[in-house]
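What follows is a single structure, written as structure tokens, with notes after it.
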Amino acid sequence: MKQTLTEQFDANAAELLAKHNLMNAVYAVLAIIFVGILFYLFRLDRKLTKIEKQS
Amino acid sequence: MPQADGKRKKIKFSGDHGQLLADMDFTMGNAKVSNEYYSVFIELSNGKYLGLPDAIYLERAAGDTAGTTAYISKSSAHVNSDREIFEMSFPNRMVLNESVRNLFYHVPMWFAMLALLGMGCWYAIKYLRFGQLEDDLFADSLVRVGIVAGILGCVTGATWARVTWQSWWPAADPKLNGVAIGMTMYFAYLLLRSTLQDPFQRARITAVYSVFIFPIFIALIVIMPKLSPNSLHPGSGGTVGFNKYDLDSTMRLFFYPAVIGWIALYYWIANLRFRIAKLKENKLNA
Chain A
61 MKQTLTEQFD ANAAELLAKH NLMNAVYAVL AIIFVGILFY LFRLDRKLTK IEKQS
Chain B
3 MPQADGKRKK IKFSGDHGQL LADMDFTMGN AKVSNEYYSV FIELSNGKYL GLPDAIYLER
63 AAGDTAGTTA YISKSSAHVN SDREIFEMSF PNRMVLNESV RNLFYHVPMW FAMLALLGMG
123 CWYAIKYLRF GQLEDDLFAD SLVRVGIVAG ILGCVTGATW ARVTWQSWWP AADPKLNGVA
183 IGMTMYFAYL LLRSTLQDPF QRARITAVYS VFIFPIFIAL IVIMPKLSPN SLHPGSGGTV
243 GFNKYDLDST MRLFFYPAVI GWIALYYWIA NLRFRIAKLK ENKLNA
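Chains as they are written, first to last, in the working numbering: chain A, 61 to 115; chain B, 3 to 288.
Written as structure tokens, this is what we have:
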């Protein structure tokens, strides 16, 4: 009997869900955004320091 | 992950859409229980499973050193101790699973980028109309911070795609191709701006360029994916919109404030950058 994709997923749901805990993807995304924004702010800080030193 | 004794229990279910009411027994048998989130798997009468990842938080009962009894706390599941009724509502999406939370981070990046690039376009028009160099500097800051948001949107999207679509960059998706072209246009903006020295000439040329590429960018990442026959992204090319995923509108309650918050954050950063650029301009003229 041919199973549809949904049925296959349902049949292996317990296994799949235990294996693929996708919470890590959320942590990774949070870390990327945090590091990215921080990096940009540091660059702004450097720019400001340069201007301050010119005077 | 420690498991409960694995005994299968017959549970009576009631409740309506998105909510489950069940009679359950929570003795943990001989399994060692640590304080952690546990998934609930329910075997349905047709032999299939209904999986609810991290649905309940089990805590060891006070004074229990062996860790064999547990009770549920701090989760969307509630236990009515008088009647031993187990009640929970749990939004579970196939494939996305827990990563559905990225809706609050990945999607607002693009909203913020569009908002900032749009405002940048607006200030570019304002510069072309009134010729104030300040407007040009602010437009430039908005576009640059918008590009930062766009890059973060790309990277977070790739991370999310890796775990759900099994590829860092599924090139068949029209939205991704559109973004690749659109971002290149904005990188060209940065190049163009860096090559021009005279502030007024630089302002005029980049303002015209910015006004031209913004509508093209919108067409590439918003309109084209909607017209295309297939897309992996929700709301484009025959894929259902995200509102179909969010059955009880709980996510909406957090999504809209998240969008406003992210836009405000990027606007603030753009404003800081503008003030620094203005300071630099004043120093050069002094």
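Using N, Cα and C, we set each Cβ at its ideal position, and we do this for glycine too.
Worksheet item: From A:Ile111 to A:Arg103, what does the alpha carbon distance come to, in whole angstroms?
Response: 13 Å
Worksheet item: Looking at the unbroken alpha helix (DSSP H) that takes in B:Phe219, where does it start and where does it end?
Response: Pro201 to Ile220
Worksheet item: Using DSSP with H/G/I as helix, E/B as strand and the rest coil, what is B:Trp170?
Response: Three-state DSSP puts B:Trp170 in coil, outside helix and strand.
Worksheet item: Looking at chain A, which residues of the segment 98 to 130 of chain B have a Cβ within less than 8 Å of any of its Cβ atoms?
Response: Identification of residues in the segment 98 to 130 of chain B having a C-beta nearer than 8 Å to some C-beta of chain A yields Leu98, Asn99, Glu100, Ser101, Arg103, Asn104, Tyr107, His108 and Met111, given in sequence order.
Discussion item. Could you compute how far the alpha carbon of B:Phe88 sits from the alpha carbon of B:Gly159?
Written reply: The pLDDT assigned to B:Phe88 is 49, lower than 50, so where the model puts this residue is not dependable; a value taken from the coordinates is nonetheless given after this. Going by C-alpha positions, B:Phe88 is about 37 Å away from B:Gly159.
Worksheet item: Which residues in the same chain as B:Met226 place their Cβ atom closer than 7 Å to its Cβ, once the five residues preceding and following it in sequence are excluded?
Response: Pro176 and Gly180
Discussion item. Against chain B, does A:Leu98 count as a neighbour if the rule is that its beta carbon must be under 9 Å from one of theirs?
Written reply: no
Item to complete: Count the other C-beta atoms from every protein chain shown that fall within 10 angstroms of the C-beta of A:Ala91, then say buried if there are 16 or more, exposed otherwise.
Response: Its Cβ having fewer than 16 others within 10 Å, A:Ala91 is exposed.
Worksheet item: Any residues in the segment 156 to 167 of chain B with a beta carbon nearer than 8 Å to a beta carbon of chain A? Which ones, in chain order?
Response: Correct list: Val157, Thr158, Thr161, Trp162, Arg164, Val165 and Thr166.
Item to complete: Report the neighbours of A:Lys107 on chain B: residues whose CB is nearer than 9 Å to its CB, in chain order.
Response: Arg275, Ile278, Ala279 and Lys282
Worksheet item: If B:Ala182 and B:Ala151 are in contact, beta carbons under 8 Å, what's the gap, nearest whole angstrom?
Response: That pair is no contact at about 16 Å.
Practice prompt. Would you tell me roughly how many angstroms separate the C-alpha atoms of B:Met185 and B:Ser212, rounded to the nearest one?
Written response: 12 Å
Discussion item. Quick check for students: name the residue ranges of the alpha helix (DSSP H) that lie wholly in the segment 99 to 135 of chain B, counting only runs of 4 or more.
Written reply: 108 to 132
Worksheet item: Shorter than 9 Å from the beta carbon of B:Leu267 to some beta carbon of chain A?
Response: yes
Practice prompt. Report all residues from its chain with a CB closer than 7 Å to the CB of B:Ile223; omit the five preceding and five following residues, and keep chain order.
Written response: Lys177, Gly180, Val181 and Gly184
Worksheet item: Using the C-alpha atoms, what's the distance from B:Asp142 back to B:Arg206?
Response: 12 Å
Worksheet item: Going along the chain, which residues of the segment 181 to 192 of chain B sit with their C-beta nearer than 8 Å to a C-beta in chain A?
Response: none
Discussion item. Using only the alpha-carbon positions, how far apart do A:Tyr87 and B:Trp270 sit?
Written reply: 25 Å
Worksheet item: Does B:Lys285 get closer than 9 Å to chain A when you measure Cβ to Cβ?
Response: yes
Discussion item. Could you tell me the alpha carbon to alpha carbon distance between B:Val145 and B:Phe132, rounded to whole angstroms?
Written reply: Their backbone Cα atoms lie some 19 Å apart in a straight line.
Discussion item. Buried or exposed for B:Ser233, going by 16 or more other Cβ atoms inside 10 Å?
Written reply: buried
Item to complete: For B:Leu154, go through chain A and note every residue whose CB falls closer than 7 Å to its CB, in chain order.
Response: Correct list: Ile92, Ile93 and Gly96.
Fill in: Any C-beta of chain A under 9 Å from that of B:Ile262
Residue contact with chain A for B:Ile262: absent (no Cβ-Cβ distance below 9 Å to any residue of chain A).
Worksheet item: Taking only beta-carbon atoms, is B:Val150 less than 9 Å away from chain A?
Response: yes
Fill in: Alpha-carbon to alpha-carbon, B:Pro236 and B:Val109
Whole-angstrom Cα-Cα distance: 11 Å.
Fill in: Delimiting residues of the alpha helix (DSSP H) encompassing A:Asn81
Note, A:Asn81: premise wrong, no alpha helix (DSSP H); not H, not E.
Worksheet item: Is B:Lys280 closer than 9 Å to B:Leu328 when the C-beta atoms are compared?
Response: No statement about residue 328 of chain B is possible, as the shown extent of chain B runs from 3 to 288 and does not include it.
Worksheet entry | CB contact check: B:Val147 to chain A, cutoff 9 Å | yes
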